[in-house]
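Residue numbers (our numbering), protein chains in the order written: chain A, -6 to 166; chain B, 398 to 819.
Using N, Cα and C, we set each Cβ at its ideal position, and we do this for glycine too.
Computed from a predicted structure; not experimentally measured.
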Amino acid sequence: MIPDTLKQQLAARIAHAVTNREAAVDVMKELQRHYGWLTDEAAEAAAELLGLTPLQVEELATFYEMIYRRPVGKRVVHICDSISCWAMGGESLMAHLTAKLGVEPGGTTADGMFTLLPCCCLGNCGEAPTLMIGDTLYGRVTPERGEEILSKARETAATVPEGPGTPQEEENV
Amino acid sequence: MEQPLFRHNRPGRCVTFVEYRAEGGFAALEKALAGMSPNDVQQVVIDSGLRGRGGAGFPTGKKWSFVPRDIPGPRYLICNCDEMEPGTYKDRVLLEANPYSLVEGMTLAAYAIGVAHAFIFIRRGYEEAAENCRRAIAEAKAAGLLGENILGTGFSLELDVHQSAGRYICGEETALMNALEGKRANPRAKPPFPAVKGLWGRPTVVNNVETLANIPAIVANGAAWFKGLARIPEAAGMKLFCVSGHVNNTACFELPLGMTLGEIIDGPCGGMLPGREFKACIPGGASTPFFTKAHWNVPMDFDTVAKAGSRLGTGGIVVFDQNTCMVAATLNLVAFYARESCGWCTPCREGLPFVQDVLARIEAGEGREEHIGILREHVQYLNYAFCPLAPGAMGPVEGLLRLFEDEIREHIVLGRCPLGGK
């Protein structure tokens, strides 16, 4: 069940929209913040709030890169694989982190801590290679620095139980 | 060198509302609302020669002029900040340093077009930029510069921030309107063009962040002043160039349009990294055909870059050194577009993965001579796609075939990448 306060907050967002479904992305994001990913229950709740069918919500949810329709780790690590990061060693970073964490790109670590996702340009090309955890961007991430960032993220995640999308550390770009 | 966009910037932090105001911020809005008709505002933008900074370079004032003014009911203005073109980060830098020029520029544009409700569409991951916009909107409202009855003139504008959840196609203007309406962001057929039938079926103008942020300075200082900022007579204004790759100083610079590629790389970029030589670059974001040393003296403006076989695009320059394999670079670019294809039309959905596969084979040393012809054919075929995504994706492939055919053939003859895939 969605907590009443969240439900009221979402209803207020929808009330501000020109049409109900204009608020769809915000509603999905908030529900995902609550559940960690967009669960079936969350998708149905979103549909009910927005006056859409669950299928219409599904159509949106599967479209966006940052809406997770499958369970993810406590922290989702997005690693840019676009051209500027590629030119500056992004492939080595990805290879190093997948090896360290023992997951394939797209996979979640056995302890449920990290989901590692290759992603398209994060708009931080001058500081390549780049990765993003939650909403926090990290630039000039060498393989070694990437490892450090992940171990710090692991420490903070232990004390802050919320799911992905929660900004954790100071901006560090 | 005058910098209409960066002149308010403070090192390491965002300029404040009070500082922006003290430096003449919102004076252009006061000037326009006090003594200019909406048509006057549109005319000065037309006369300034301002062209869209989001990639296509369409004349901004002309775009506004397509909006019919005699149809009753609402019209909309959308600022496109879905900046997801690889190699492009100028709009983020701009909004992290100063959201006020955008808010003022949007208010001026809304006044010119007769818009009462406008949106800033921001990509995911640009949290600070979005936060700055929200704060700037609240501050402008509190000062009577936005919202109901602006400066007591009876003109009102509601400005909202919409944050997306990440998908490149949302930057295509018709897909963006679907996204904003809460629909799956597939592009729409054109015509009808957004100026006639856009957001919620209403006349709509979509402009890039940088384009709109230039409007206050144009209104304040006039068309001739803006034109004069450029280095060459046929260009107009300054441009944000955001540079990445193998140069010393990878940053976003506000420079006169018409500076040559070489001047940008050797000047503000501080030249190539130690021990590296310039081999090629992408001149304006991921969809633009490569430039090589032969293009070193090309003035960076819309028409001059187009004449030289590429596009100025977004101004996102990605520089490659002598060890970069151009087949591998093109493969990376095409792979991006294949993944970001929305799947709506067959040429894009099926064609891009096919082209990606051919390039991957060549890069892996499994290429055959006939692959070159196949790639060449697909540069044509993918023009049949529904929207500009697939033709854009083939920009680098076209450049690869035209400028680096020998390098492709070397892969095929050797049966491996001569540069070790980097």
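Integer Cβ distance of Gly681/B from Thr711/B, believed to fall under 8 angstroms: Taking the second sequence and counting its residues from 1, one reaches residue 681/B at position 284. Taking the second sequence and counting its residues from 1, one reaches residue 711/B at position 314. About 6 angstroms separates the beta carbon of Gly681/B from that of Thr711/B, a gap short enough to meet the 8 angstroms contact definition.
Minimum Cβ-Cβ distance from Pro401/B to chain A less than 9 angstroms: As a position in the second sequence, residue 401/B is number 4, starting the count at 1. Closer than 9 angstroms: no.
Beta-carbon contacts of Ala151/A that lie in its chain and below 8 angstroms, excluding the five residues immediately before and after: Within the first sequence, the letter at position 158 stands for residue 151/A. If we look at Ala151/A and ignore the five residues flanking it on each side, it has no Cβ neighbours.
Residue of Arg410/B, Phe688/B and Asn729/B minimising C-alpha distance to Leu709/B: Here residue 709/B is taken as the residue at index 312 of the second sequence, counted from 1. Check the Cα spacing between Leu709/B and each of Arg410/B, Phe688/B and Asn729/B: the tightest is with Phe688/B.
Cβ of Val18/A within 9 angstroms of any chain B Cβ: On the first sequence, position 25 is the one that residue 18/A refers to. Output row for Val18/A: interface = yes.
Neighbour flag for Val65/A against chain B, beta carbons, 9 angstroms: Here residue 65/A is taken as the residue at index 72 of the first sequence, counted from 1. At a cut-off of 9 angstroms between C-beta atoms, Val65/A does not count as an interface residue with respect to chain B.
Cβ contact (3+ pairs, closer than 8 angstroms) linking the stretch 423 to 439 of chain B and the stretch 607 to 620 of chain B: Because the criterion of three Cβ pairs below 8 angstroms is met, the stretch 423 to 439 of chain B and the stretch 607 to 620 of chain B touch.
Where the stretch 107 to 120 of chain A meets chain B: residues whose CB sits under 7 angstroms from a CB there: Residues Cys113, Cys114, Leu115, Gly116, Asn117, Cys118 and Gly119.
Assumed close pair Cys567/B, Tyr523/B - CB separation to whole angstroms, cut-off 8 angstroms: If you number the second sequence from 1, residue 567/B lands on position 170. If you number the second sequence from 1, residue 523/B lands on position 126. Between Cys567/B and Tyr523/B a beta carbon distance of about 13 angstroms is seen, past the 8 angstroms cut, so the two are scored as non-contacting.
Whole alpha helix (DSSP H) elements within the stretch 527 to 578 of chain B, 4-residue minimum: Residue ranges of uninterrupted alpha helix (DSSP H) with 4 or more members, entirely inside the stretch 527 to 578 of chain B and ordered along the chain, are 570 to 577.
Residue-chain proximity (Tyr57/A, chain B), Cβ-Cβ < 9 angstroms: Taking the first sequence and counting its residues from 1, one reaches residue 57/A at position 64. Yes, Tyr57/A lies at the interface with chain B (some Cβ there is under 9 angstroms from its Cβ).
Arg806/B, DSSP secondary structure in three states: Within the second sequence, the letter at position 409 stands for residue 806/B. Helix at Arg806/B.
Secondary structure of Leu143/A, DSSP reduced to three states: For the purposes of this step, residue 143/A is taken as residue 150 along the first sequence, with counting starting at 1. In this structure, Leu143/A counts as helix in the three-state DSSP scheme.
Terminal residues of the alpha helix (DSSP H) in which Glu41/A lies: Taking the first sequence and counting its residues from 1, the one referred to as residue 41/A is at position 48. Its alpha helix (DSSP H) spans residues Asp33 to Leu43.
Proximity to Asp74/A [Cα-Cα], best of Pro98/A, Phe107/A, Met106/A and Ala40/A: The residue you call residue 74/A lines up with position 81 of the first sequence. Restricting attention to Pro98/A, Phe107/A, Met106/A and Ala40/A, the CA atom closest to the CA of Asp74/A is found in Pro98/A.
Chain-order list of residues whose beta-carbon lies under 6 angstroms from that of Lys636/B (same chain, five-residue window excluded): Position 239 of the second sequence, counting from 1, holds the residue named residue 636/B. Answer for Lys636/B: Leu654 and Gly712, listed in chain order.
Inter-residue Cα distance where the pair is Val593/B and Pro465/B: In the second sequence, counting from the first residue as 1, residue 593/B sits at position 196. In the second sequence, counting from the first residue as 1, residue 465/B sits at position 68. If I take the Cα positions, the gap works out to 7 angstroms.
Residue range of the alpha helix (DSSP H) that includes Phe638/B: The residue given as residue 638/B occupies position 241 in the second sequence. No alpha helix (DSSP H) contains Phe638/B, which is instead part of the beta strand (DSSP E) from Met635 to Gly642.
Backbone secondary structure at His27/A - three-state DSSP: In the first sequence, residue 27/A corresponds to position 34, counting from 1. The three-state reading of DSSP puts His27/A in helix, counting H, G and I together.
Three-state secondary structure (DSSP) of Ala4/A: The sequence position of residue 4/A within the first sequence is 11, counting from 1. Helix, per DSSP.
Span of the beta strand (DSSP E), counted from its first residue to its last, around Lys676/B: Your numbering for residue 676/B matches position 279 in the second sequence. Phe675 to Ile679 is the extent of the beta strand (DSSP E) around Lys676/B.
Interface partners of Pro613/B on chain A, CB under 9 angstroms: Translated into positions along the second sequence, residue 613/B becomes position 216. Going along chain A, no residue has its Cβ under 9 angstroms from Pro613/B, so there is no contact; the nearest lies around 24 angstroms.
Min CB distance Val96/A to chain B below 9 angstroms: In the first sequence, counting from the first residue as 1, residue 96/A sits at position 103. With 9 angstroms as the cut-off, Val96/A does not count as an interface residue toward chain B.
The stretch 574 to 597 of chain B: positions lying closer than 8 angstroms to chain A by Cβ: Taking 8 angstroms as the Cβ-Cβ cut-off against chain A, the residues of the stretch 574 to 597 of chain B that qualify are Ala576, Leu577, Glu578, Gly579, Lys580, Arg581, Ala582 and Trp597.
Cross-strand partners of Asn477/B (DSSP beta bridge): Sequence index remark: in the second sequence, residue 477/B carries index 80 (1-based). Phe518/B and Asn605/B.
Where the beta strand (DSSP E) through Phe650/B begins and ends: Within the second sequence, numbered from 1, the residue matching residue 650/B stands at position 253. Note, Phe650/B: beta strand (DSSP E), Cys649 to Pro653.
Through-space distance from Ala513/B to Gly541/B, alpha-carbon basis: Within the second sequence, residue 541/B is the residue found at index 144, counting from 1. Within the second sequence, residue 513/B is the residue found at index 116, counting from 1. The C-alpha of Ala513/B is placed about 15 angstroms away from the C-alpha of Gly541/B.
Beta-carbon proximity of Arg450/B to Thr608/B, cut-off 9 angstroms: In the second sequence, counting from the first residue as 1, residue 450/B sits at position 53. In the second sequence, counting from the first residue as 1, residue 608/B sits at position 211. The beta carbons of Arg450/B and Thr608/B sit closer together than 9 angstroms.
Near-chain A residues of the stretch 487 to 509 of chain B (beta-carbon distance less than 7 angstroms), N- to C-terminal order: Here the close residues are Arg489.
Extent of the continuous beta strand (DSSP E) run through Pro111/A: Taking the first sequence and counting its residues from 1, the one referred to as residue 111/A is at position 118. Note, Pro111/A: beta strand (DSSP E), Phe107 to Cys112.
Reduced DSSP secondary structure (H/G/I, E/B, other) of His89/A: Position 96 of the first sequence, counted from the first residue, corresponds to residue 89/A. It is helical.
Beta-bridge pairing of Ile126/A - partner residues as DSSP gives them: For the purposes of this step, residue 126/A is identified with residue 133 of the first sequence, where counting begins at 1. In the DSSP assignment, the residues bridged to Ile126/A are Val70/A and Thr129/A.
Rounded separation between Ala757/B and Arg489/B - CA only: Taking the first residue of the second sequence as position 1, residue 757/B is located at position 360. Taking the first residue of the second sequence as position 1, residue 489/B is located at position 92. Straight-line Cα distance between these residues: approximately 32 angstroms.
Pair within 9 angstroms by beta-carbon distance, Phe414/B and Glu536/B: Start at 1 with the first residue of the second sequence, and residue 414/B comes out as number 17. Start at 1 with the first residue of the second sequence, and residue 536/B comes out as number 139. Contact check for Phe414/B against Glu536/B passes: the beta carbons are separated by less than 9 angstroms.
Where Leu53/A meets chain B, residues with beta-carbon distance less than 8 angstroms: Stepping through the first sequence from its first residue, residue 53/A is reached at position 60. Within chain B, Gly579, Lys580 and Arg581 have C-beta atoms less than 8 angstroms from the C-beta of Leu53/A, given in sequence order.
Residue span of the alpha helix (DSSP H) that contains Gly792/B, given as start and end: One-based indexing of the second sequence puts residue 792/B at position 395. For Gly792/B, the enclosing alpha helix (DSSP H) has its first and last residue at Leu786 to Leu800.
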